[in-house]
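Let me begin by presenting the structure, written as structure tokens, before commenting on it.
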Amino acid sequence: MRLVLSRTRKRSLAIASVAAVGLGGLSVVQALPASAATGCSVTYTIASSWNNGFQASIAIRNIADPWTSWSLQFSFANGQQVSQGWGGRFAQSGSTVTVTNESWNGNVGNGGTANPGFTGTHSGTNAVPTSFSVNGVACTGSVVTTPPTTSPTVVPPTTTTSPPPTGSKVDNPYAGGQGYRNSEWQAKVNSVSGGSRIANNPTAVWIDRIAAINGTPNSSSNGAFGVRDHLDAALAQGASYIQFVIYNLPGRDCAALASNGELPADAIGRYETEYINPIAAIQRDPKYASLRIINIIEIDSLPNLITNVSGRAGATPECDTMKANGNYQRGIAYALRTFGAIPNVYNYVDAGHHGWIGWDDNFTPTAQLLAQVADQSGSKANVTGFIVNTANYSALQEPYITVNDQTRPSSWIDWNRYNDELSFAVAFRNALTGQNFPSNIGMLIDTSRNGWGGSARPTGPVTSGTINEQVNGSRIDRRIHKGNWCNQSGAGLGERPRANPGTAGIDAYVWVKPPGESDGSSTLIQNPEGKGFDRMCDPTYTGNARNGNNMSGALSGAPISGAWFPAQLTQLMQNAYPPL
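Here numbering that gives the first Met the number 0 is used: the first residue of the sequence shown is 0, the next is one more, and so on.
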């Protein structure tokens, strides 16, 4: 959902098991000189567990002369089995596991680290291995200079899971080249009169349930294409980047109903193993190494844990549950860590919008929470940037209104410090760098439906009347209330997608919400996708505390969220700004 909170509505993963041991070894692929110093340390961490499954990460640190290749070997004590690995080629024979480097991560200098990881299964005890070897040399706990007397037996690898990178990650994955144009969305757009004017714009692909990974040809939302199909199509187009929305958290969208998901609040294991892992396995296929794969991570999630929990006017029992069980944080941290390990994948995390967290008691706590979750993923480097206004309608800029002591008390601004998405994105980026995100962290703004053009668009400021009359007459955003988020009447297409639009720190304007895809149904529609009926999508609804008890402003005749809504697209094109 896309909510608003006014000034009156104020505001780790599972414990890791670690075994650190010193190792000595020589390379079996390329022999070292007899006097070469060799040695390393290994840290094996159980990052998360569920039922009979678990995920482990392994840090192999070189403490001596550089390696041009490496081969790690260890044994399980309790019959554990590797299911899927990354960052190395995994093979298992009985209890013995061998991990050899990929072509792209064999070179490890002194002090450098290789970081393979895997998911596995166990029954009963899941003890951490206590004995490791690298390149055939048993653990010594110190640097050694004598070569091994025998060479290790290397089990042929059975799985290749990480792509060779085309180089280090770029600062802005949107810069240079063309984004992927979703042919399924294009076909729908071209079926609407005038749609050909916008059909070549890149839009994001939403993966909003497990079935969407492989495609949902009989569904009212998504399409026949699965993740691999879209990636193949992007290669065929010669696209430089492709965008996916990762959107299936347990207890998804705890403050609304229209976009509820398939996974219950406690299904974190299924989220990790049945949703994130299969997507990552496809995205790390070396076939797609030339593409910049951009993942928009779990919209409408973490800000809910600030604004819609007990003590806030917008509190819901569902959000209290998600705050208590920590599965939003755990799930997003898992996604960041898993996708962040893929060399050509970039993660942007949802950061709400100005009409949600622009008030003081929401602003800094949200930035702090985002930083905590990034740290929980293992590193802030797993985050390329953040996105604001995802699937929302807040104006990019309000050219005729200045936020100051005179205008802040107006009912529209309601003491918020921001009145448009550009000023909010810049300020929030500064708050994020204050939470120790890197200085080059990037911001995206979803401009797919925030143009607000057409005959209702003001052409200058209103300077007479009460402060409410002046602000209301001057504002671009023509919604009844900023808390209205569903299929808004009068909305228009905004700025077209483009990289580096001109403001420092803004990586791109994007169309993450494909224009013409519904926010939610106007009336109750039974469906097998877990999507409920939210009265905020009902044009007859008179509102609640989150929208100041105003009318919803929603269009009539809308299908369930994600389904095609041609009447909405027609309106968006009519009211586009800049005009088509």
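Cβ coordinates follow ideal geometry from the N, Cα and C atoms, glycine included.
Express the C-alpha separation of V133 and N109 in angstroms, rounding to a whole number. Spanning the two alpha carbons is a distance of roughly 15 angstroms.
Please return the same chain residues whose Cβ sits closer than 7 angstroms to the Cβ of V470, not counting the five positions on each side in sequence. I400, T406, S409, W411, I412
Short of 8 angstroms in beta carbon distance, which residues of its chain neighbour T432, apart from the five on each side in sequence? Order them along the chain. S438, I440
Quick one, are the C-beta atoms of I241 and Y333 less than 8 angstroms apart? Going by C-beta atoms, I241 is not nearer than 8 angstroms to Y333.
Residues bridged to N294 by DSSP? Paired residue(s): F243, N346.
Thinking A557 and F564 are a contact (beta carbons under 8 angstroms), I'd like their distance in whole angstroms, please. 5 angstroms
Can you tell me whether N549 is helix, strand or coil according to DSSP? coil
What's the call for R196, buried or exposed, on a 16-neighbour Cβ count within 10 Å? Here R196 is exposed, its C-beta having fewer than 16 other C-beta atoms within 10 Å.
Using 10 angstroms around the beta-carbon of A390, count the other beta-carbons present and answer buried if the total reaches 16, otherwise exposed. By the 16-neighbour rule on beta-carbons within 10 angstroms, A390 is buried.
Kindly indicate which three-state DSSP category D231 falls into: helix, strand or coil? helix
Uninterrupted alpha helix (DSSP H) stretches inside the segment 397-434 (no shorter than 4 residues): 420-432
Shortest alpha-carbon distance to N347 belongs to which of T383, T315, G354? Note that residue 347 corresponds to Tyr in the displayed sequence, not to Asn. It is T383 whose Cα lies nearest to the Cα of Y347.
Mind checking whether W358 and N415 have CB atoms under 8 angstroms apart? yes
What's the gap between the Cα of E271 and the Cα of F224? 22 angstroms
Is it buried or exposed for P527, if we count other Cβ within 10 angstroms and need 16 for buried? exposed
Could you check what DSSP says for R60 in three-state terms: helix, strand or coil? strand
For F427 and A366, what's the separation of their Cα atoms in angstroms? Rounded to the nearest angstrom, the two C-alpha atoms are 8 angstroms apart.
If S130 and F53 are in contact, beta carbons under 8 angstroms, what's the gap, nearest whole angstrom? Their Cβ separation, rounded to whole angstroms, is 19 angstroms, which puts S130 and F53 out of contact at 8 angstroms.
What residue does the beta strand (DSSP E) around F580 start on, and which one ends it? Past the boundaries of the shown model lies residue 580; the chain is included only from 0 to 579, so the question cannot be answered.
Exposed or buried, what is P316 when buried is set at 16 or more other beta-carbons lying within 10 Å of its beta-carbon? Its Cβ having fewer than 16 others within 10 Å, P316 is exposed.
What would DSSP say about W451, mapped onto helix, strand or coil? coil
If you check the beta carbons only, do I386 and L443 fall under 8 angstroms apart? yes
Which residues DSSP lists as bridging E516, in chain order: DSSP links E516 through a beta bridge to W563.
State the beta-bridge partners of Q83 as determined by DSSP. In DSSP, Q83 forms a bridge with T118.
With a threshold of 16 other CB atoms inside 10 Å of the CB of Q91, please say whether the residue is buried or exposed. buried
Compute the beta-carbon to beta-carbon distance between N388 and H352, rounded to the nearest angstrom, for a pair I have assumed lies under 8 angstroms. 5 angstroms
Return the CA-CA distance between G330 and D207, expressed in angstroms with no decimal places. 14 angstroms
Report the three-state DSSP secondary structure of T365 (helix, strand or coil). helix
Does the separation of the CB atoms of L554 and A566 fall below 8 angstroms? yes
Looking at L290 and A238, is the spacing between their C-beta atoms short of 8 angstroms? yes
Kindly list the residues whose CB is nearer than 8 angstroms to the CB of A370, restricted to its own chain and excluding five residues on each side of it in sequence; keep chain order. K379, L431, Q434, N435, F436
Start-to-end residues for the beta strand (DSSP E) that takes in V191: It is not in any beta strand (DSSP E) - V191 carries neither H nor E in the DSSP assignment.
For P513 versus T202, is the C-beta distance shorter than 8 angstroms? yes
Can you give me the C-alpha to C-alpha distance between S393 and N449, rounded to a whole angstrom? Their backbone Cα atoms lie some 6 angstroms apart in a straight line.
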